[in-house]
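A.B. asks: So that we are looking at the same thing, I have put the structure below in structure tokens.
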Amino acid sequence: MNLLFSRNYRYIVRSSVDNVRIDITGITDKPWHDFSENITGSLNDDNSFKFTHKWTFAYITWFENSFAYLTGTIRQEGEKTIINTNLRPNSGIVLSFYVLLVLFLCVLFGIQTMLKGPKIYILLFLLFFALILVGLMLYMTNGLRNRFERIMQLKRDE
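Each number in this note's numbering comes from the position in the sequence shown (counting from 1) with 16 added on.
Okay, here's the thing in structure tokens:
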């Protein structure tokens, strides 16, 4: 995991690229009203794919809409197929976390901020909401990854 809460995973499948593409197409071709699995996405001709949650918290044209994003590529390596994925949370949530963290550090070191009230209450408030955002990011990214692994019947190659 890096500073943007992004993680990379690698999966080895003992099947051809075409079979893996068929499995991924099975996820992407579900109708919009099928909410049996909270995952949707697209598969491109260059063997790259992108998955997100079907349920979003808002739809704003210029901003990311989903809580988490799983992007990846499929490539053949001998008899095996390698699936490399990148999993990351919504950039707005990551940005909000770092804003809260900067405010927390400013209040902690006595730098003047727009926040008024007892210092301990402000610190607890900022820490509480920063931890909620971290928990939300981890919960949503892990949920998307676990759903993808379960549907595709994958195990991580650590």
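Glycine included, every Cβ here is placed at the ideal spot set by N, Cα and C. Every value quoted in this text rests on a predicted model; they were computed, and no experiment measured them.
Hey, out of L124, R30, L19, F67, whose CA is closest to K46's CA?
C.D. replies: The residue you call residue 46 lines up with position 30 of the sequence shown. The shortest C-alpha separation from K46 is found at F67.
A.B. asks: Looking only at DSSP bridge pairs, what is V36 linked to?
C.D. replies: Here residue 36 is taken as the residue at index 20 of the sequence shown, counted from 1. Residue pairing of V36 in beta bridges, as defined by DSSP: absent, with no partner found.
A.B. asks: Expressed to the nearest angstrom, what Euclidean distance is found between the alpha-carbon atoms of I136 and L143?
C.D. replies: Looking up residue 136 in the sequence shown gives position 120. Looking up residue 143 in the sequence shown gives position 127. So the two alpha carbons sit approximately 10 Å from each other.
A.B. asks: Under 9 Å between the Cβ atoms of S82 and T72?
C.D. replies: Position 66 of the sequence shown, counting from 1, holds the residue named residue 82. Position 56 of the sequence shown, counting from 1, holds the residue named residue 72. Note that the C-beta distance between S82 and T72 is below 9 Å.
A.B. asks: So what does L86 bridge to, in DSSP terms?
C.D. replies: On the sequence shown, position 70 is the one that residue 86 refers to. L86 pairs with F67, L103.
A.B. asks: Measuring only the C-alpha atoms, how far is N158 from S32?
C.D. replies: Taking the first residue of the sequence shown as 1, we reach residue 158 at position 142. Taking the first residue of the sequence shown as 1, we reach residue 32 at position 16. Roughly 27 Å separates the two Cα atoms.
A.B. asks: According to DSSP, simplified to helix, strand and coil, what is E53?
C.D. replies: Working through the sequence shown from its first residue, we reach residue 53 at position 37. Looking at E53 - three-state DSSP - the assignment turns out to be coil, as it is neither helix nor strand.
A.B. asks: If you compare alpha carbons, which of L152, F125, M168, G108 is closest to I76?
C.D. replies: On the sequence shown, position 60 is the one that residue 76 refers to. If we check each option's Cα against that of I76, G108 comes out closest.
A.B. asks: Can you tell me which residues form a DSSP beta bridge with L59?
C.D. replies: Reading the sequence shown from its first residue, position 43 is the one you call residue 59. According to DSSP, L59 bridges with F65.
A.B. asks: When burial is assigned at 16 or more other CB atoms within 10 Å of the CB, is P105 buried or exposed?
C.D. replies: Within the sequence shown, numbered from 1, the residue matching residue 105 stands at position 89. Burial call: buried.
A.B. asks: Sort out for me which residues DSSP pairs N24 with in a bridge.
C.D. replies: In the sequence shown, counting from the first residue as 1, residue 24 sits at position 8. According to DSSP, N24 bridges with N102.
A.B. asks: Tell me the rounded alpha-carbon separation between F56 and N102.
C.D. replies: Position 40 of the sequence shown, counting from 1, holds the residue named residue 56. Position 86 of the sequence shown, counting from 1, holds the residue named residue 102. In the sequence on display, residue 56 carries Thr and not Phe. Each residue's Cα considered, the two are about 16 Å apart.
A.B. asks: Restricting to Cα atoms, I'd like to know which of V29, S22, L20 is closest to E165.
C.D. replies: As a first step, residue 165 is located in the sequence shown; it is residue number 149 there, counting from the start. Among V29, S22, L20, the Cα nearest to that of E165 belongs to V29.
A.B. asks: Would you mind stating whether F131 and L117 have Cβ atoms separated by less than 9 Å?
C.D. replies: Position 115 of the sequence shown, counting from 1, holds the residue named residue 131. Position 101 of the sequence shown, counting from 1, holds the residue named residue 117. Inspection of the sequence shows that residue 131 is occupied by Leu rather than by Phe. Between L131 and L117, the C-beta spacing is not below 9 Å.
A.B. asks: What's the gap between the Cα of V36 and the Cα of Y155?
C.D. replies: Here residue 36 refers to the residue found at position 20 of the sequence shown. Here residue 155 refers to the residue found at position 139 of the sequence shown. Each residue's Cα considered, the two are about 26 Å apart.
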